[in-house]
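J.: The structure's right below; bear with me while I get my questions together.
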Amino acid sequence: MSKNSKVNIEGLRFNWDVENGKFQYENQDAVLFWINSAMKSFFDTIEEISGEEASNLVLETTGYRQGLVVGDYFRKIKDFDVKAVAKMMANTYASAGWGRAEIKHLDYETKTLVAHIRDSWEYKINLAQGKNKGTAFLAAHFAGVFSSLFGVNIWYEYEQDQLEGSEYSIVKYFPSNITATSNIHQLARKKESEQILRLEEMVEQKTSELRNLVKKLSSPIIPIFDGIVVVPLIGKYEEDRSEDLLINTLSNLPKHKANYLILDLTGLDTEVDHFTIDLIVKIGSAASLIGTKSILVGIPVSLAIQMAQSHVTLSRYEVFQTLQHGIQYALSQVGKTIS
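This is the structure:
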């Protein structure tokens, strides 16, 4: 064969211009690739970068849009007829190494058809990749072709897949609102939803960790000396937080062998509700049952007023103005002093 050669196969023209590095198919520039190596590597790379779901959508969308180009090419043929073009396509694609495609049950009125596709280059790549389900380039490609030929949007559905062991793939085509673009948007929304879900899970995890941390920080027990512990009450105590502090305090008093529990009320909110008053009473009452005496220090004026209005008696407690005074008193009860 010379450096410049032309071949006509079943009415389809192939031109080689080796000197200028050109190959033409039907007078348009074309290119040849090895299927099981070069093209497989191309598919593998897209999937590696994008992930299997996104890469299949890339192939599907590309196939569909290339199909529109091919359909527009055939529409320009003189005396254009969809059935004639469908018949011509079988030789066209076979001559280009795309495998064997037969168009059956084509109905121009309902805009439906069925394609039998056997041994396509896409099937061979998927086979080399070890897949058990085919990608969607070629199926979507014919959807694009017939969308152009029919003048309405055509989509597809696999009835059988050669990659699953059938002799050939069967693909049904029909008018549909599904488009490559809508699928892109759907995948984008799905990815966004997945990302939002992941963020919500992260927020929930961090919130849980923060909640646990706040729980620990808001109900600390500080050992001052053997048998003496301080529990500072900070901020505002609603029902759940009051319960946490009560349980944490009573659970740890035996561990510290506490004879004296100093409740430091200096850090309470100025607006004290009934939960806080009930909490102080409950802690004092429960502590006394396990042999621990409670000392109150730093009572805010607002709390003192509310306790008086609530008829809560403080006679069971030793009460001091500051934490220092409370600690000095407890030490004195065990025969110790601060020097």
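Taking the working numbering, I'd label the letters of the sequence shown as residues 4 to 342.
For each residue, glycine too, the CB sits at the ideal point set by N, CA and C.
Being a predicted model, the structure only gives us computed values, none of them experimental.
Find the nearest neighbour of Tyr-96 within the set Phe-77, Leu-249, Asp-84, Asp-82, judged by alpha-carbon distance.
T.: Minimum Cα distance to Tyr-96 is reached at Phe-77.
J.: Where Phe-153 and Ala-143 are concerned, what is the direct C-alpha to C-alpha distance, given to the nearest angstrom?
T.: Whole-angstrom Cα-Cα distance: 15 Å.
J.: If you reduce the DSSP assignment to three classes, tell me which class Asp-243 lands in.
T.: Reduced to three states, the DSSP call for Asp-243 is helix.
J.: So within the region 268 to 300, which uninterrupted beta strand (DSSP E) runs reach at least 3 residues, ignoring any that extend past its ends?
T.: Runs of the beta strand (DSSP E) inside the region 268 to 300: 296 to 300.
J.: For the region 298 to 327, list the alpha helix (DSSP H) runs that are entirely contained and at least 4 residues long, ordered along the chain.
T.: Counting only runs of 4 or more, we get 304 to 312.
J.: From Ile-173 to Gln-165, what distance separates their C-alpha atoms?
T.: Roughly 8 Å separates the two Cα atoms.
J.: So does the region 40 to 56 actually touch the region 107 to 122, counting three or more Cβ pairs closer than 8 Å?
T.: No, they do not touch.
J.: Just mark Trp-37 as buried or exposed, buried being the case when its beta carbon has 16 or more other beta carbons within 10 Å.
T.: By the 10 Å Cβ count, Trp-37 comes out exposed.
J.: Would you mind sorting Phe-323 into buried or exposed? The rule is 16 or more other CB atoms within 10 Å of its CB.
T.: Answer is buried; the Cβ neighbour count reaches 16.
J.: In three-state terms, what does DSSP make of Asp-84?
T.: Asp-84 falls in the coil class under three-state DSSP.
J.: Taking all protein chains shown into account, decide if Ser-305 is buried (16 or more other Cβ within 10 angstroms of its Cβ) or exposed.
T.: Burial call: exposed.
J.: Taking the continuous beta strand (DSSP E) assigned at His-346, which residues delimit it?
T.: Outside the displayed span of the chain (4 to 342) sits residue 346, for which this structure offers no information.
J.: May I have the straight-line CA-CA distance separating Gln-309 from Ser-291, to the nearest angstrom?
T.: The alpha-carbon atoms of Gln-309 and Ser-291 are separated by roughly 23 Å.
J.: Return the residue from the list Ala-289, Gln-327, Glu-274 that minimises the CA-CA distance to Ala-307.
T.: Closest option to Ala-307, Cα to Cα, is Glu-274.
J.: So the beta strand (DSSP E) Asp-20 belongs to, where does it begin and stop?
T.: Its beta strand (DSSP E) spans residues 15 to 20.
J.: So the candidates are Gly-100, Phe-83, Glu-56, Asn-39; which of them puts its Cα closest to the Cα of Ala-33?
T.: Of the listed residues, the one whose Cα sits closest to Ala-33 is Gly-100.
J.: For Glu-160, name the three-state secondary structure that DSSP assigns.
T.: Here Glu-160 sits in strand by DSSP.
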